[in-house]
Amino acid sequence: MSNTALNDMKYNFEPLQLFVPSNDYRVDEDKLKARIEKSKKLFAGLEEKRKRLKDIGSRSIYDDTK
Numbered sequence: 368m369s370n371t372a373l374n375d376m377k378y379n380f381e382p383l384q385l386f387v388p389s390n391d392y393r394v395d396e397d398k399l400k401a402r403i404e405k406s407k408k409l410f411a412g413l414e415e416k417r418k419r420l421k422d423i424g425s426r427s428i429y430d431d432t433k
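With the first letter of the sequence shown counted as 1, position 18 gets the number 385 in this note's numbering; the numbers rise by one all the way through.
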């Protein structure tokens, strides 16, 4: 596979290797819930920004002014 550089970091586009976790592996439910909530807030903010920019028109996505 080929290597690609982006912002001085090299990426190798090889397929991910999947593995089966051991039988005694347990997920920390509290950390998982916190991460899910953080992701929901992030995507809700992005959706709000997308709607705002759609209403505004031609402003840049990086412009935080209303």
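Positions of the beta carbon are idealized from the N, C-alpha and C atoms, including for glycine.
Pull up the distance between the alpha-carbon of residue 368 and that of residue 422, whole angstroms please.
Because the pLDDT at residue 368 is just 47, under 50, the model does not fix this residue reliably, and the value given afterwards should be weighed accordingly. Answer to the nearest angstrom: the Cα atoms are 43 Å apart.
Whole angstroms is fine: what's the gap from residue 381's alpha carbon to residue 409's?
29 Å
Going by the C-beta, is residue 389 closer than 8 Å to any heavy atom of the ligand ADP?
Ligands are entirely absent from the displayed structure, and the ligand ADP is therefore not among its contents.
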